[in-house]
Amino acid sequence: MINLTLEILRRNAPDDSPHWESYDYSTQDENANVATALTELNHTLKNPVRWECSCLQKKCGACAMVINNRPRLACDTPLKDFKDSVKIEPLRKFPVIADLIVDRSILFENLKIMKLWFGEDAKTNGSQTAYEASRCLQCGCCLEICPNFFAGGDFSGMAAMIPAARLLTALPESQKKEIFKAYQKHVYEGCGKSLACRNVCPAGIEIDKLLVHSNAVAVWKRKFKHDK
Amino acid sequence: MQNVIIIGAGLAGISAAVTLAEQKISCSLISLQNSERAQSVLAEGGINAALNTMSENDTVQNHYEDTMKGGVFLADPNAVQNLTSHAPEIVRWLENLGVPFNMTDSDIMLRNFGGQKKKRTAYARSSTGKIIMTALIDEVRKHEASGLVQRFPHHQFIRLLLKDNICTGVRIQDSYTGKISDFSGTVLLCSGGMNGIFPGMTTGTTQNSGDVTATVFRQGVKLGNLEMLQYHPTTIGISGKRCLVTEAARGEGGRLYIMRNGQKYHFMEEKFPELGNLMPRDVVAREMFFVRREFGGEVFLDMTALPELTWQKKLSDLRQEIIHYLSLDPKSNPIPVREGIHYFMGGIDTDEFHRTNLKNLYAAGECTCQYHGANRLGGNSMLGALYGGRKSAETISQNFTEIPEVQEISGTDDIPPASPALIHEISQILLSGLGIVRNQDDLQNALNALEVLKNQREYSFYEQNRLLLAEAMLLSALERKESRGAHYREDYPDKDENFRKTTVSECDENHQVRISFRTIPEKRADS
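So the protein sequences, as listed, match chains Z and A. Going by my numbering, the residue at position 38 of the first sequence is 56; the numbering climbs one at a time, nothing skipped. Going by my numbering, the residue at position 289 of the second sequence is 793; the numbering climbs one at a time, nothing skipped.
Written as structure tokens, this is what we have:
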């Protein structure tokens, strides 16, 4: 039996000032997680807690939020890890819409700004790097923990580096100049290498390895080329 | 230039968006969440195409025959012919979008999958859906930048706009602001399966609520084969849902057994020596149900004999997932598995060109009744979504018609969602009739219980729609007095050629549900 107080930072609208509310929650399900708790809690509330979810098995990134001061997926946060209470609040780096929902559109805008797509046919030939980089959930946890990222800044964070890493395994010659330049500006120059992101990625992506690889392709090889 | 409105940004929706964009046709891509959150990212095992890269003399004809046979000849043969003949080209297209499929030394590697005698399933370890979606989302982004695709994330479908039985657009609501808007244009529904009708009991996502299907049904769109629910044989219970254990586990050598008199009984291998554990899903799920009923206890999936390299290169994600959720390493322990609702073969009734019964309204992906007949083969769902999205976009581009002017409205509207208590009640009634094994009494009792529920109180818009859809599902199963594919009637245990027809559900203006049967088209010589 799990008995917990859920402390949730709530607001009805973007402009409301947030306030904490506490809810008692108990369940027989020893494997229950924060997503289970929010779902069941909402069945009992007149004003349900607004939050986003979709797959409930840590494959879609929808339910990213800050749980006991750490960015995590609600569906990947077991309740048995907590004693007495758990603090749940929205991601802080993005505009809040209501309760635990934030507008993460900046993530997707940044990918557009960097023009992250293949301009022509490109085969990755089963590349392990391309595979690993394709697993990014675009959940925003890495940006939440990053000391260098803020919405509206030039640095797009690892949520842009990882999609770039997929393209860099097979980037057509015609795109190299532009993508390398964008990478340098929006990833390389902003990353302070705290690598805090590596410890919070819900998909367990080996961010440091991808970063080394991408820097090598997009920055260093280019520099060496210039040096020659 | 006319706009196409796509409801849903999963694999079918974005496949359609890319196809339209390639023809310089603009679209509005409307979805509750971004494509990264779509159910397509959960697809694991792979995508079927007769690429014949494994020296097994595979052909499109083989793929066609397996798909028709797997669906027990309830699918439209011309549509299946189109699907299977385009499959190799679609997988090559994905390869050219940079999808890192597992490779042999020189080409795309294929694995065994259920209901197919030849290796035909291209894959990226056991996260094929996610890996394909990433590449396609990048491709859509290119067209977003050029302005041909305009995304409307966090927008919810409310209803179709209709004028004289012609679809003229949709009413949608911004779930962030509550603002409602009417969009005019040709409409393509790619809204996914009806998981939300069975909350917590399927392998799918919470976002595929079934509300779109329920609403358009109420608005006069015909649905087909609603009785055909796919129970996937190997799922595990996790908090809040069923979690899929990919069919690739068996494709790579996993074996099912149950304990009988203290001995392991590999029931699939003994009963079906040819395909064994890789019989089509309907057969495996039913056999699991029967052996559990006979011998008690759980059915286990034994992957302990799989070679180390298979775990490393082909099923690494699956192993991590099972360890995470069951605290059992499948490399050294058989795992208990049960059948779980996984796919809806039935849905919006379309022809092979993806046209619905309403002019200017099209549908593709899991929300449709197309390609899979009475049982879908593993590896054919992503193919059906990709090809269906493409085919519907092609049909739309060839059939642009003038859309009457629509009054643009704006404002906010509070439309309450269906209450969780009612959703739960409906799902319990449906399950009591629509299990793996069905009969007249259970179905009639379920219908009676639904009738009682209907008369209990006044219901909101979404609630009424769900009640109508539930009734249509039960009536479809009641009227199909035979056993075929996923629909097994113990009171009619045999296949009946008279029922080799599509079950069509229709809701009239007075909200009366009617069931009829439609003849399946003959295969054309040229298809």
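Note that the Cβ used here is the ideal one computed from N, Cα and C, for glycine as well. Note that the structure is predicted; figures quoted are calculated from it, not measured.
Segment limits, beta strand (DSSP E) that includes A:Cys-747: 745–748
Alpha-carbon spacing of A:Ala-639 relative to A:Glu-526, whole angstroms: 16 Å
With 16 other Cβ atoms within 10 Å as the buried cut-off, status of A:Asn-959: exposed
Start and end residues, alpha helix (DSSP H) containing A:Phe-794: 785–799
CB-CB length for Z:Ile-223 against Z:Glu-150, believed under 8 Å: 6 Å
Under 9 Å from the C-beta of Z:Asp-121: neighbouring residues of chain A: His-658, Tyr-680
CA-to-CA distance, A:Asn-582 to A:Arg-1028, given in whole angstroms: 7 Å
Z:His-37, DSSP secondary structure in three states: strand
A:Ile-594, enclosing alpha helix (DSSP H) - first and last residue: 581–600
Interface positions of the region 217–233 of chain Z facing chain A (Cβ-Cβ less than 7 Å), listed along the chain: none
Three-state secondary structure assigned by DSSP to A:Asn-507: coil
Supposed close pair A:Thr-672, A:Ser-688 - CB separation, criterion 8 Å: 6 Å
Interface flag, A:Thr-523 vs chain Z, CB-CB below 9 Å: no
DSSP-derived helix/strand/coil call for Z:Asp-99: helix
A:Val-716 to Z:Leu-91 span [Cα, whole Å]: 27 Å
Alpha-carbon to alpha-carbon, A:Glu-560 and A:Leu-805: 27 Å
Z:Met-19 classed as buried or exposed, judged by whether at least 16 other C-beta atoms fall within 10 angstroms: exposed
9 Å Cβ cut-off: residues of chain Z touching A:Leu-642: What sits at residue 642 of chain A in the sequence shown is Asp, not Leu. Those are Leu-129, Leu-134, Trp-135, Phe-136, Pro-181, Arg-184, Leu-185, listed as they occur along chain Z.
Delimiting residues of the beta strand (DSSP E) encompassing A:Gln-734: 733–742
Complete runs of the beta strand (DSSP E) confined to the region 825–878 of chain A [at least 3 residues]: 839–848, 851–853, 865–867
Contact between the region 835–847 of chain A and the region 718–730 of chain A (3+ Cβ pairs under 8 Å): no
First through last residue of the alpha helix (DSSP H) which encompasses A:Leu-546: Taken as a continuous stretch (DSSP letters only), A:Leu-546 belongs to no alpha helix (DSSP H), as it is neither H nor E.
Separation of A:Ile-930 from A:Pro-737, as counted between CA atoms: 24 Å
Rounded Cβ spacing between A:Thr-1006 and A:Arg-984 (contact assumed at less than 8 Å): That pair is no contact at about 10 Å.
Chain Z within 9 Å of A:Ile-742, Cβ atoms only: yes
Proximal residues to A:Ile-511 (C-beta, below 6 Å), its chain only, five neighbours per side dropped: Ile-534, Phe-661, Leu-693, Ser-695
C-beta atoms of A:Gln-734 and A:Phe-605 nearer than 9 Å: no
Residue from A:Leu-578, A:Ser-631, A:Met-613 whose Cα sits closest to the Cα of A:Lys-623: A:Met-613
Anticipated Cβ contact below 8 Å, A:Gly-758 with A:Asn-781, distance rounded: 7 Å
Selected residue, minimal CA-CA separation from Z:Ala-45, among Z:Leu-27, Z:Pro-32, Z:Leu-22: Looking at the sequence itself, residue 45 of chain Z is Thr, so the reference to Ala does not match. Residue Z:Leu-22 is the option with its Cα nearest to Z:Thr-45.
Beta-bridge partners of A:Met-607, as assigned by DSSP: A:Ile-612
Reduced DSSP secondary structure (H/G/I, E/B, other) of Z:Cys-78: coil
Cα-Cα separation between A:Leu-830 and A:Leu-555, rounded to whole angstroms: 36 Å
Cβ of Z:Gln-146 within 9 Å of any chain A Cβ: yes
Test: A:Arg-645 CB closer than 9 Å to a CB of chain Z: yes
Proximal chain A residues relative to Z:Ile-124, where beta-carbon distance stays under 8 Å: Result: empty, since nearest Cβ-Cβ is about 12 Å, beyond 8 Å.
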